[in-house]
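As they're listed, the protein sequences go chains G and R.
According to the working numbering, the stretch in the first sequence is residues 48 to 665, in order.
According to the working numbering, the stretch in the second sequence is residues 18 to 392, in order.
Ideal Cβ placement from N, Cα and C applies to all residues, glycine included.
A quick note: this is a predicted structure, and the numbers were derived from the prediction, not measured.
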Amino acid sequence: MWYNTLKRRHALFYCTERLTLQEGIRNFCIIAHIDHGKSTLADRLIEATGTLSQREMMEQVLDNMDLERERGITIKLQAVRLIYKAKDEQEYILNLIDTPGHVDFSYEVSRSLAACEGALLVVDAVQGIEAQTLANVYLALEHNLTIIPVINKIDLPSADPERVRKEIEDVIGISTDNAILCSAKEGIGIQEILDAIVREIPPPSGDAKKPLQALVFDSHYDPYRGVISYVRVVNGEIRKGMKIRMMATNREFEVDDVGVFTPPRLPIGALLPGMVGYCIAGIKNVKDTRVGDTITSSLNPATEALPGYRKIVPMVFCGLYPTENNHYDNLRDALDKLKLNDSSLLYEPETSEALGFGFRCGFLGLLHMEVVQERLEREYELDLITTAPNTLYRVNTTEGQELFIDNPASLPPSNKIETMAEPFVKASIILPEEFIGTMMELCQDRRGTFKNMEFLDTTRVVLTYELPLSEILYDFFDQLKSRSRGYASLDYEVIGYRDADLVKLDILLNGEPVDALSCIIHSDRAQSKGRALTEKLRKIIPRQMFDIPIQAAVGAKVIARETVKAMRKDVLAKCYGGDISRKRKLLEKQKEGKKRMKQVGNVEIPQEAFMAILKVDE
Amino acid sequence: MLALYVHVPFCRSKCAYCDFFSLPISSQTDAYAEALIREVNFKGSSWGGKLDTFYFGGGTPSCLEPELLAAVLNGCGRFFSWDCNTEFTVEANPGTVNRRYLEYIRSLGVNRLSIGLQAAQDSHLRRLGRGHSVAEFSRALEDARSAGFINVSIDAIYGLPEQTCVDYMETLDFVVSSGAEHVSVYALQVESDTPFYELWSQGKLIVPDDDAVAEMMLKGRDFLLKQGYSQYEISNFALPGFESRHNMTYWRNQEYLGLGPSAASYIGGRRFVNIADLSAYTTTLAAGKLPLASCECLDQERSMAETVILGLRMLNEGVNRQTFKKRYGVDPLRHYQQIIDKWCNLGFLEFTPDLIRLTAKAVPVASQIQLTFLP
């Protein structure tokens, strides 16, 4: 059976060989908000072009990470090649490059956009445009991509395609004359979309005779084959056996294999201008290749690299520590490999008195942080302790130095600090009118400054606020969703640093400061945060053999105090019939449970304590 | 000298908190006695001898018919011997014994009775499903005295649903004024697969919280000490000379042999546990095989840890340094130096040149200290 499938794929490829001509190629991506039906639409496109038979189709082929399926989000870029016989009886190669929908991953979006000439803008016919969609469309327009509006879910009873059409015109400012009404679920409009892709998206430009320039837009590590680079050839060609050079690192390799995604990898002899595929070149060291780099030929190198991506600076940092200290090397290896797939991830070794050896890691946002953490735990089977996230603070010292602080523990003493500044964001929140009041309250509460309010249509508004990024880190998103019954969406961009009256809040357990529990917060909030945090910790830290005072302090001043009372009772009961094995096993189980805690001085701290600050209610 | 335990897996009714292996008393007692004698024949040939202690536990051994008890003892007598120096205990529940029965078992050599009272309030007894009243307990005790038992142990439980500290102290006061030579007190544990667990997991059973239970534990201890009992083991109090030798065998981590379904043995460095299923127990024995559910051979580290863990339960005797050294060739003070230092510094352990033991404040939280000795 496998053989037949393979044969069919080969046949597909060979019968369309002539279409490797650039005119027969269309490279496109799909821009959509989470839940607006991007994955279903992609599945239908794959199905309609017979790329995979129905039997081979797993639901939502593109979201192939467990995590993505569970959360219904796309994190990792994927690419798939569709063969489509259009009305003109010609066969076209349509390369669909998937894009992530979440604000944290706009960086990834810019990567896929750079490999495309066009984009399907998918908008839910009930919900209308959401904040992230808006951000991504603007990004696509910046890249000069052809946009094809697709209004999805028209089968729903409450669908209002005309309102959405108007919204797209008013808000994004593009014509919707060619907008396609579609229901990916019901298979309505799929043919029209395929035809529009062929008709409206221009074929890639590029010259096969020029020196090779291929953009690495993604990569992943395969334990058997080494690094697999996802490439889009712009000029020249990349062939099996040729010597290539990575232009950023100047490292040279020999191409073992090139091919396309059907979606499984299908080797073909060469990739020509405009083509999207993969390249395997025996690259074993993850540091030798970089997403955004340009591949050229060693013998006939291009003079210039392709423009790289918008470089995004991680703004969210946290400590990642192995629960067991001897797993440090495994964590480092796993981070090295993840970095290959995710060039936005930053990490460097750090040491904590409480947690031992670990890494300070930088992320694009909170979801990115969670995703990395979960991938480390699932794919690399690591047991991790994560410290509460913080942003990157700027400190001007009394000695005239400018420092960037990514860890509260490395903040200089307060008498050495002249000024401190924290990153601010411009946040756009799209929400139904009835929730404006509660949302404004939330933003004010989080030290936000109101900037603008604009009606999208008669019922929906865009609220614009300037907020400290740190305020968004702590359950802002959850609040946003719960206060709007799930209807609000958020997008933000960092707009720069602003001075703020910030202090370091330390937590002392049994009189000893625990470095991994410190945080930097606005001085107005120190008191309430300190109180909430000590109270939360009192609930999280189990009773031990003696009273444990928990103190929150700013400098030498204790601002809140709680006590975990000593354990009063823990005795194993009667030993009927002398079954001592059973009693011992109960003790062993208890001891095993303790191993998951961190010992700081004489105090045992459960892992969740290090994230407690995220969960406090002030 | 040997310690022998016999498990009698029958009760008139099952108490709502009990997770030990027992069945409603029935016609199966004959099959049980027959199988037990087979097991005696099996084990007795390798491990027979003079008994230092002999213990019938359950279940409710006192609900076994006198003839069956006699038959079982007869079977045991082929390999084991006992006399008036043997500590021979039978557990009994009020309502299952009368004076004639008690006189009869006294004549078979039983010299110690362990009577389950648990609480001195009928309301608590009903909730526990004990199937007897406080008055019936008093009658049973009176009968025991008349039958010539001068060594009687009484069980009580604290931390019962809706039990107050006052209730518990009333129970202990009642136990002491009954003249018990030995008192066993246990904190209630809501064990899975019991009716209490069902209720508890549905939120229908409210037990006192840890602080309240700890208060009962401490007040109860103070009271019993004041009344002249010594707390020779975490859960056991005795007037001078009435400490249970059978129990001490367990805590000293010495060998014992167990017979009957679900009974455990510790012999030749191995721990065995019998199947907790009467028909499997009888058919396995009938097929000529030992009815084992599990068997483990302890390595030295585990065995040492067990010796410490069990020894620490003995609040006066503690872990004997010389005995330990002789047994394992290792000085426990040196071997566990770090752990012992830590707990001594915190005031939970103390040691003399001869022994290591828990301090008074460590008693309520003994498990936390014990588990640190595990490998």
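Notebook entry, point to check: Can you find a C-beta in chain R that's less than 8 Å from the C-beta of G/T121?
Noted result: Along the first sequence, one-based indexing puts residue 121 of chain G at 74. Unreliable placement is indicated for G/T121, whose pLDDT of 46 sits below 50; the coordinate value is still reported in the next sentence. No, G/T121 lies away from the interface with chain R (no Cβ there is under 8 Å from its Cβ).
Next item on the list: For the beta strand (DSSP E) holding R/S195, just list the boundary residues, first then last.
Entry: For this step, residue 195 of chain R is matched to residue 178 along the second sequence. No beta strand (DSSP E) contains R/S195, which DSSP labels as neither H nor E.
Next item on the list: Mind listing, in chain order, the continuous beta strand (DSSP E) runs of no fewer than 3 residues lying wholly within the segment 203 to 291 of chain R?
Entry: Taking only runs of at least 3 residues, the beta strand (DSSP E) segments lying wholly in the segment 203 to 291 of chain R are 247 to 250, 253 to 255, 274 to 276, 281 to 284, 287 to 291.
Checklist line | Extent of the continuous alpha helix (DSSP H) run through G/K85 | finding: The residue given as residue 85 of chain G occupies position 38 in the first sequence. Residues 85 to 95.
Margin query: Along the chain, where does the alpha helix (DSSP H) containing G/E247 start, and where does it finish?
Written below: What you label residue 247 of chain G is simply residue 200 of the first sequence in a count that begins at 1. Counted as a single uninterrupted DSSP element, the alpha helix (DSSP H) harbouring G/E247 occupies residues 237 to 247.
Check: Alpha carbon to alpha carbon, what distance is there between R/D139 and R/M321?
Finding: As a position in the second sequence, residue 321 of chain R is number 304, starting the count at 1. As a position in the second sequence, residue 139 of chain R is number 122, starting the count at 1. Rounded to whole angstroms, R/M321 to R/D139 spans 44 Å at the Cα level.
Next item on the list: Assign G/K200 to buried or exposed, taking buried as 16 or more other Cβ atoms, counted over all protein chains shown, within 10 Å of its Cβ.
Entry: Locating residue 200 of chain G in the first sequence gives position 153, where the first residue counts as 1. So G/K200 ends up on the buried side.
Item checked: Pairwise C-alpha distance: G/N297 and G/Y521 -> Sequence index remark: in the first sequence, residue 521 of chain G carries index 474 (1-based). Sequence index remark: in the first sequence, residue 297 of chain G carries index 250 (1-based). Their Cα atoms are separated by approximately 42 Å.
Checklist line | Three-state secondary structure assigned by DSSP to G/K287 | finding: As a working note, residue 287 of chain G is residue 240 in the first sequence. The answer is coil: DSSP assigns G/K287 none of H, G, I, E or B.
Notebook entry, point to check: When the Cα of R/R117 is compared with those of R/A20, R/L363, R/S79, R/H263, which residue comes out closest?
Noted result: Taking the first residue of the second sequence as position 1, residue 117 of chain R is located at position 100. Cα-wise, what sits closest to R/R117 is R/S79.
Next item on the list: Compare the C-alpha of G/D207 against each of G/R643, G/T506, G/V663 and name the closest.
Entry: What you label residue 207 of chain G is simply residue 160 of the first sequence in a count that begins at 1. Distance from the Cα of G/D207 is smallest, within the candidate group G/R643, G/T506, G/V663, for G/T506.
Check: DSSP state of G/P455, grouped into three classes?
Finding: Against the first sequence, residue 455 of chain G aligns to sequence position 408. The three-state reading of DSSP puts G/P455 in helix, counting H, G and I together.
Check: Would you say G/K586 reaches chain R, if we count a Cβ-Cβ gap shorter than 8 Å as a contact?
Finding: Here residue 586 of chain G refers to the residue found at position 539 when the first sequence is read from its first residue. No, its Cβ sits nowhere closer than 8 Å to a Cβ of chain R.
Note to self: Taking 8 Å as the cut-off, does the segment 435 to 446 of chain G touch the segment 378 to 397 of chain G (at least 3 CB pairs, one atom from each stretch)?
What the structure shows: The segment 378 to 397 of chain G vs the segment 435 to 446 of chain G: no contact.
Notebook entry, point to check: beta strand (DSSP E) containing G/F75: first to last residue?
Noted result: Counted from its first residue, the first sequence places residue 75 of chain G at position 28. Looking at the DSSP string, the run of the beta strand (DSSP E) that includes G/F75 is 72 to 79.
Next item on the list: Scan the segment 229 to 253 of chain R for residues whose Cβ lies nearer than 7 Å to a Cβ of chain G and list them as they occur along the chain.
Entry: Residues of the segment 229 to 253 of chain R with a Cβ closer than 7 Å to any Cβ of chain G, in chain order: V230, A231, M234, I251, S252.
Next item on the list: Could you have a look at R/Q387 and say whether DSSP puts it in helix, strand or coil?
Entry: Counting from one through the second sequence, the residue named residue 387 of chain R turns up at place 370. Correct three-state label for R/Q387: helix.
Next item on the list: Express the C-alpha separation of R/S218 and G/G625 in angstroms, rounding to a whole number.
Entry: Against the first sequence, residue 625 of chain G aligns to sequence position 578. Against the second sequence, residue 218 of chain R aligns to sequence position 201. Per the coordinates, the alpha-carbon of G/G625 lies some 28 Å from the alpha-carbon of R/S218.
Margin query: Check whether chain R comes within 8 Å of G/D548, counting only Cβ atoms and requiring the distance to be less than that.
Written below: Taking the first residue of the first sequence as 1, we reach residue 548 of chain G at position 501. Cβ-Cβ to chain R under 8 Å: no for G/D548.
Next item on the list: Using a Cβ-Cβ cut-off of 8 Å, state whether G/M487 counts as contacting chain R.
Entry: The residue labelled residue 487 of chain G in the question sits at position 440 within the first sequence. In terms of beta-carbon proximity, G/M487 stays away from the interface with chain R, with every pair separated by 8 Å or more.
Notebook entry, point to check: Excluding sequence positions up to five away, which residues of its chain have a Cβ less than 6 Å from the Cβ of G/V650?
Noted result: Along the first sequence, read from residue 1 onward, the residue named residue 650 of chain G stands at position 603. For G/V650, where only same-chain residues beyond five positions count, the Cβ hits under 6 Å are L556, N557, I595.
Checklist line | For R/D358, the nearest candidate out of R/I386, R/A255, R/G335, R/M18 (CA to CA) | finding: Sequence index remark: in the second sequence, residue 358 of chain R carries index 341 (1-based). Nearest to R/D358 by alpha-carbon distance, out of R/I386, R/A255, R/G335, R/M18, is R/I386.
Note to self: Give me the chain G residues within the contact set of R/Y273, using Cβ-Cβ distance strictly less than 9 Å, ordered along the chain.
What the structure shows: The residue labelled residue 273 of chain R in the question sits at position 256 within the second sequence. The answer, in chain order, is G625.
Item checked: Exposed unless 16 or more other CB atoms sit within 10 angstroms - verdict on R/Y34 -> As a position in the second sequence, residue 34 of chain R is number 17, starting the count at 1. With at least 16 other beta carbons inside 10 angstroms of its own, R/Y34 counts as buried.
Item checked: Separation of R/R288 from R/E313, as counted between CA atoms -> Against the second sequence, residue 313 of chain R aligns to sequence position 296. Against the second sequence, residue 288 of chain R aligns to sequence position 271. Roughly 5 Å between the two C-alpha positions.
Checklist line | Residue-chain proximity (G/V642, chain R), Cβ-Cβ < 8 Å | finding: Here residue 642 of chain G corresponds to residue number 595 of the first sequence, with the count starting at 1. Note on identity: in this sequence residue 642 of chain G is Lys, with Val being the wrong assignment. Chain R, which has no Cβ nearer than 8 Å to the Cβ of G/K642, makes this no.
Next item on the list: In angstroms with no decimal places, state the Cα-to-Cα distance between G/L413 and G/S575.
Entry: Here residue 413 of chain G refers to the residue found at position 366 of the first sequence. Here residue 575 of chain G refers to the residue found at position 528 of the first sequence. Distance between the alpha carbons of G/L413 and G/S575 is about 23 Å.
Check: Is any beta-carbon of chain G found at less than 8 Å from that of R/V382?
Finding: For the purposes of this step, residue 382 of chain R is taken as the residue at position 365 of the second sequence. For R/V382, a Cβ of chain G is located within less than 8 Å of the residue's own Cβ.
Notebook entry, point to check: If we cut at 8 Å on Cβ distances, does R/V25 have a partner in chain G?
Noted result: Residue numbering aside, residue 25 of chain R sits at position 8 when the second sequence is read from its first letter. Chain G, which has no Cβ nearer than 8 Å to the Cβ of R/V25, makes this no.
Notebook entry, point to check: Going by alpha carbons, who is nearest to R/E82 out of R/C182, R/R319, R/T113?
Noted result: For the purposes of this step, residue 82 of chain R is taken as the residue at position 65 of the second sequence. For R/E82, the nearest C-alpha among the options comes from R/T113.
Next item on the list: Examine chain G for any beta-carbon lying closer than 8 Å to the beta-carbon of R/I132, and answer yes or no.
Entry: Position 115 of the second sequence, counting from 1, holds the residue named residue 132 of chain R. By this cut-off, R/I132 is not an interface position.
Checklist line | Per-residue contacts from R/V290 into chain G (C-beta, under 9 Å) | finding: Along the second sequence, one-based indexing puts residue 290 of chain R at 273. Neighbours of R/V290 in chain G, taken as residues whose beta carbon is under 9 Å from its own, are G624, D626, S628, R629 in chain order.
Margin query: Report the CB separation of R/I132 from R/L158 in whole angstroms; it is logged as a contact under 8 Å.
Written below: Residue numbering aside, residue 132 of chain R sits at position 115 when the second sequence is read from its first letter. Residue numbering aside, residue 158 of chain R sits at position 141 when the second sequence is read from its first letter. Contact between R/I132 and R/L158 is confirmed by a C-beta separation of about 7 Å, below the 8 Å threshold.
Next item on the list: Give the interface partners of R/L68 over in chain G, defined as CB-CB distance under 7 Å, in chain order.
Entry: On the second sequence, position 51 is the one that residue 68 of chain R refers to. Annotation: R/L68 has no Cβ neighbours in chain G at a cutoff of 7 Å; minimum Cβ distance is about 15 Å.
Notebook entry, point to check: With respect to the alpha helix (DSSP H) encompassing G/Q654, which residues constitute its N-terminal and C-terminal limits?
Noted result: Counted from its first residue, the first sequence places residue 654 of chain G at position 607. Counted as a single uninterrupted DSSP element, the stretch harbouring G/Q654 is not any alpha helix (DSSP H), since DSSP gives it neither H nor E.
Margin query: Can you find the residues in the same chain that come closer than 7 Å, C-beta to C-beta, to R/P349, ignoring five residues on each side of it along the sequence?
Written below: Translated into the one-based positions of the second sequence, residue 349 of chain R becomes position 332. Taken in chain order, the residues that qualify are V325, V336, R338, F341, I373.
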